[in-house]
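Residue numbers (this note's numbering), protein chains in the order written: chain A, 66 to 318; chain B, 1347 to 1863; chain C, 3 to 220.
Each residue gets a CB set at the ideal place from its N, CA and C atoms; glycine is no exception.
If you're wondering where the values come from, they're calculated on a predicted model, not measured in any experiment.
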């Protein structure tokens, strides 16, 4: 199967380990991964902030870059949701672009969709002997309906002790530019999410979106610095599946 | 909105709010639907109240669980939602015909139908109608339409006292406060605070029996209002639904205060937004399932009243119906935004909203708070009214509201659409944000530019990475200081993904080991 | 806006014109693939009656069940020491034949006043048009056994007699069963209640605080 990796702009710059993890998991399962270097940003931040005109060239770039692959995989629920849910709407005024979106968008998968639905795998042969809780990020949860796919993958990891997160389905307060435009409300939501995560006693919180994880992880590390509780490390679940998750001695309790 | 509240507390607006729809002209809605302060500012004020947050958290979590339980009992819930959305879409497509049909049926049944373009016209109409009865007091059933148009303030100016009879409205009125929820205007108070308000403000309350038990509080409200109900000559109501086919109005309620107002006085004045129509009586079979389960999380609310014109010997002898536009036609003109007019005011979106849960209804500055308020208020008034332009940003786009909405209003889609309208309307003016968005778009659409920018970002952050040991940054300059005020910021990695990939490809081409670590 | 613009009639025309200019043009088809009323009504079975009882009790109504010949006895039991009972004109004499207190018929000789109905300790006995099992709802539509709306509103104690053949499964069947939707209609689900304090349902506000239902079966 010819799988293209859409690493996403945030991961490319800030969290390359997540991209490496996707490559490692898929190659271990015997698949060939390609990385079309022309890829950039999906345009989510532009579109969600109201900059449709600025988002459209990125939509065009995406469908040109990823045309012709059997599957496109991205380690980000919200970027995949952008492509599958919002691209058709953004492209509506341009018949050629709309046709290209219709062609490409349905074959764009979040990693757990590709593994569980397309490749039929839940056990990727990983080991991570630590206590982990999982935060289902909003776009993965409510736009892609990832359901328990990431959880099934994590449950199959050797030694991993998966604990329920209270109020898991509640937004962490990131929301892209919301975190800056409505910083106080965002911080209040983050504080509650961090408290719920600490309550689980887990050493790691996993999720399918590094932007939400940066927000949550930033809150957890700030909390730990100011003595609000034990350190919990935020980690993309792909890195756990790949055996690339950084083991944090401070998060071991 | 309550009778005891000075109109100014809402931030005013009887005139201003002008929206220009296709065709131009003064069509924006007016009244208590204008945020006086930008949402982030008002939200900060509310966030400072720890008691408020605790109360809201408790109440919203209670109702969330109840709603999920009773919705789970209905196997055809998705089909009911789809039907509810379609019926309302049908109403919007046939609105003129249905309004005329409603008017004819209601008139034939003995009602008098009036039309009002905006809040001021609606208030003037109702005030004249009450004056015509000679009464100086009206009893009121909780109604969003009358709160929206600021009817109580208008009546007060004309020397007419409006007595709110819904328990939560009564609490808010006695506390001289503003409502904070569509369904439960006093959601921000807990039982202990309500007891204090009653003890201090309710005339003639029996302190001996007044505990903070909800049953005792309800009993106190019953005693307080009973004489008013039994002697009232004029009542004012809204309506949850208006049936075009029959001219019937429907009010869905809990306490029986609605039944009292709709049954006992001689004159009833019902203020109804033009979008409240349903084509046929049969359509209620959808909405009487959707509404109670979505709003109070009950299989059915205690009381629902339906009345058609006047019925000799049973209920009021005079019925006036005031059909109100107040910005609805402007909203209707927007192909994406018009879905907000499907709203049946259940408030499920408020109850599931993580933003509402933290700040409460007063942060939104309009009688329509929460996610639905964030798309309804700026559309009704037009974005130039007060700080309504800030409301579409009061969301993380988490989507919980869309999932809960019984008429499938895609609130996140409309929020993004309204942000886009705001951006498009200001294209001519300089904006740092747009410059940034434009630059990012320009950089990202070209692979070499993008790769160069990533390299620059990585290099630029190298000293910081070294200083912090790669553990993240505690303080960034404005505007990102808003981020680091409460969380550490991550740093660009030492090697971007694409650089790693290129290096690996190079190694592999040179016969290197095939490994993705 | 000038006073002339505000003249009667012009608001109506202006609003209608605005809507005509603004509304969507594509016709809408409403999908009715939710559970609708069956074309041929099915008689209620024992499970449905049990469901109605369960739902009524869940909303704190008192429910009694009896055979048709035992209505009078069961009603008298439920009424207990109530000194006065109000009944709409169409309530059968037999329902109250063993009740020993005072019976006041609405309209005989004159319609009862609000003051009459507000008398302490008073109860009202009515029938209903239809009862909805899934929601525990009684629907009154002003028929002869139900009378005027204020009869089931002002007294603090309401007894409603429901015949088994009046029980339907859900809301669609119930609305389809109503003879004339333009009569005053009241849906009652449990005693008067409020959810206004911390969003929890509390019984007992302005409507009757006690709701008794007598389900006549067999």
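Cut-off 8 Å between Cβ atoms - residues of its own chain near residue i, not counting five sequence neighbours on either side
i, result
"residue 128 (chain C)", "89, 90, 93, 142, 147, 148, 149, 153, 154, 160, 161, 162, 163"
"residue 68 (chain C)", "75, 76, 216, 217, 218, 219"
"residue 324 (chain A)", "Nothing about residue 324 (chain A) can be reported from this structure: the residues present for chain A run from 66 to 318 only."
"residue 234 (chain A)", "201, 206"
Other residues of its chain near residue i: CB distance less than 7 Å, five sequence neighbours each side excluded
i, result
"residue 1699 (chain B)", "1716, 1717, 1746, 1747"
"residue 1663 (chain B)", "1612, 1656"
"residue 74 (chain A)", "105, 106"
"residue 1406 (chain B)", "1697, 1703"
Bridge-paired residues (DSSP) for residue i
i, result
"residue 87 (chain C)", "C:105, C:125"
"residue 272 (chain A)", "A:301"
"residue 138 (chain C)", "None, per the DSSP bridge assignment."
"residue 1483 (chain B)", "B:1507"
"residue 214 (chain C)", "C:64, C:161"
"residue 174 (chain A)", "A:138"
"residue 1753 (chain B)", "Note: residue 1753 (chain B) sits in no beta bridge, so no partner."
Member of the options whose CA lies at the smallest distance from the CA of residue i
i, options, result
"residue 1453 (chain B)", "B:1641, B:1655, B:1470", "B:1655"
"residue 209 (chain C)", "B:1792, B:1849, B:1609, B:1548", "B:1609"
"residue 1515 (chain B)", "C:12, C:196, C:179, C:34", "C:196"
"residue 1659 (chain B)", "B:1668, B:1483, B:1429, B:1612", "B:1612"
"residue 1477 (chain B)", "B:1585, B:1506, B:1568, B:1524", "B:1506"
"residue 1462 (chain B)", "B:1626, B:1373, B:1632, B:1684", "B:1373"
"residue 1739 (chain B)", "B:1765, B:1439, B:1732", "B:1765"
"residue 50 (chain C)", "C:181, C:185, C:135", "C:135"
Backbone CA spacing between residue i and residue j [nearest angstrom]
i, j, result
"residue 1744 (chain B)", "residue 1758 (chain B)", "8 Å"
"residue 102 (chain C)", "residue 1527 (chain B)", "49 Å"
"residue 1581 (chain B)", "residue 1753 (chain B)", "30 Å"
"residue 187 (chain C)", "residue 1653 (chain B)", "7 Å"
"residue 1687 (chain B)", "residue 1703 (chain B)", "24 Å"
"residue 1541 (chain B)", "residue 1563 (chain B)", "7 Å"
"residue 190 (chain C)", "residue 1787 (chain B)", "59 Å"
"residue 1532 (chain B)", "residue 57 (chain C)", "28 Å"
"residue 1403 (chain B)", "residue 1851 (chain B)", "52 Å"
"residue 285 (chain A)", "residue 1426 (chain B)", "42 Å"
"residue 65 (chain C)", "residue 1600 (chain B)", "21 Å"
"residue 1368 (chain B)", "residue 1509 (chain B)", "Summary for residue 1368 (chain B): the model assigns pLDDT 37, below 50, so the residue's position carries little reliability; its value from the coordinates is reported in the next sentence. The alpha-carbon atoms of residue 1368 (chain B) and residue 1509 (chain B) are separated by roughly 40 Å."
"residue 1535 (chain B)", "residue 275 (chain A)", "38 Å"
"residue 1468 (chain B)", "residue 1670 (chain B)", "7 Å"
"residue 174 (chain A)", "residue 136 (chain A)", "7 Å"
"residue 27 (chain C)", "residue 1435 (chain B)", "11 Å"
"residue 1370 (chain B)", "residue 1385 (chain B)", "For residue 1370 (chain B), the pLDDT reaches just 40, beneath the cut-off of 50, and the residue's location in the model is therefore unreliable, although a value from the coordinates is still provided. Cα to Cα, residue 1370 (chain B) sits roughly 28 Å from residue 1385 (chain B)."
"residue 1863 (chain B)", "residue 179 (chain A)", "Residue placement at residue 1863 (chain B) cannot be trusted, given a pLDDT of 46 that sits under 50; the coordinates are not used to answer."
"residue 1597 (chain B)", "residue 183 (chain C)", "14 Å"
"residue 172 (chain A)", "residue 155 (chain A)", "18 Å"
"residue 1751 (chain B)", "residue 1429 (chain B)", "13 Å"
"residue 1553 (chain B)", "residue 1479 (chain B)", "37 Å"
"residue 82 (chain A)", "residue 306 (chain A)", "12 Å"
"residue 1441 (chain B)", "residue 1803 (chain B)", "55 Å"
"residue 1820 (chain B)", "residue 1826 (chain B)", "11 Å"
"residue 44 (chain C)", "residue 55 (chain C)", "19 Å"
"residue 141 (chain A)", "residue 1843 (chain B)", "15 Å"
Same chain, Cβ closer than 6 Å to residue i, five either side skipped, listed in chain order
i, result
"residue 170 (chain A)", "148, 149, 152"
"residue 145 (chain C)", "131"
"residue 272 (chain A)", "200, 202, 278"
"residue 1547 (chain B)", "1520"
"residue 1389 (chain B)", "1705, 1709"
"residue 1377 (chain B)", "1465, 1494, 1495, 1496"
Integer Cβ distance of residue i from residue j, believed to fall under 8 Å
i, j, result
"residue 1513 (chain B)", "residue 207 (chain C)", "6 Å"
"residue 1692 (chain B)", "residue 1640 (chain B)", "4 Å"
"residue 187 (chain A)", "residue 218 (chain A)", "6 Å"
"residue 123 (chain A)", "residue 108 (chain A)", "3 Å"
"residue 1380 (chain B)", "residue 1711 (chain B)", "7 Å"
Heavy atom of the ligand GTP within 7 Å of residue i beta-carbon
i, result
"residue 1758 (chain B)", "No copy of the ligand GTP appears in this structure; indeed no ligand is present at all."
CB contact check: residue i to chain F, cutoff 8 Å
i, result
"residue 189 (chain C)", "Of the protein chains in the structure, A, B and C, none is chain F."
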